[in-house]
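J.:
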Amino acid sequence: MSKKVLMIISNGDKNVISGAMTLATISFENKLYSDLKVFFFGPSEKVISEDKDLQSSLSKLIKDGITPVACVNVSNAFNITPKLNALGVNTIPVGKSIADLVNQDYVTMVF
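As structure tokens, this is what we get:
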């Protein structure tokens, strides 16, 4: 049975974020999981709001059909919510969403 995966990208290192987004893209394109969710949290939100290379990778994720999510509480603290929304990132309070996905048997991968 295919697994459902929740990728939480929280690291502020561009190389870690890039690697995680590449893994997400390849996994989605090759249908490696029955479902794949990508959540940005913490420092990664600020980095993707500023880095053009990562924004290009983010656009590819969105074009492939993944709707990335980021924590609105973090993005508000960094004053980047409008920027993330403009990039196509859905900003929401993620705590309950993460709990719901874990309770639906999603496997978490944290970067």
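Residues 924 to 1034, numbered by the numbering used here, are exactly what the sequence shown covers, in order. We put the beta carbon where it would ideally sit given N, CA and C, even for glycine. A quick note: this is a predicted structure, and the numbers were derived from the prediction, not measured.
(1) Tell me the DSSP secondary structure of L929 in three-state form.
(2) Can you grab the Cα-Cα spacing for the pair I1003 / N1026, in whole Å?
(3) What does DSSP give as the partner residues of T1014 in its beta bridges?
(4) Note down, in chain order, each residue of its chain lying with its Cβ closer than 6 Å to the Cβ of S957, except the 5 sequence neighbours on either side.
(5) Could you tell me if L955 is buried or exposed, where buried requires 16 or more neighbouring beta carbons within 10 angstroms of its beta carbon?
(6) Just to confirm before moving on: does the CB-CB distance between T948 and K983 stay below 8 Å?
(7) L959 by DSSP, collapsed to three states: which one?
(8) For N1013 versus T1031, is the C-beta distance shorter than 8 Å?
T.: Taking the definition as stated:
(1) Position 6 of the sequence shown holds residue 929. Note: L929 maps to strand in three-state DSSP.
(2) The residue labelled residue 1003 in the question sits at position 80 within the sequence shown. The residue labelled residue 1026 in the question sits at position 103 within the sequence shown. Approximately 30 Å between the Cα atoms of the pair.
(3) Numbered from its first residue, the sequence shown carries residue 1014 at position 91. For T1014, which the question treats as bridged, DSSP gives the partners A993.
(4) Taking the sequence shown and counting its residues from 1, one reaches residue 957 at position 34. Same-chain partners within the cutoff: S925 and K927.
(5) Here residue 955 refers to the residue found at position 32 of the sequence shown. With fewer than 16 other Cβ atoms within 10 Å, it is exposed.
(6) Position 25 of the sequence shown, counting from 1, holds the residue named residue 948. Position 60 of the sequence shown, counting from 1, holds the residue named residue 983. In contact: T948 and K983 (Cβ atoms closer than 8 Å).
(7) For this step, residue 959 is matched to residue 36 along the sequence shown. L959: strand per DSSP, three-state reduction.
(8) As a first step, residue 1013 must be located in the sequence shown, where it is residue number 90. As a first step, residue 1031 must be located in the sequence shown, where it is residue number 108. No, these two residues do not count as a Cβ contact at 8 Å.
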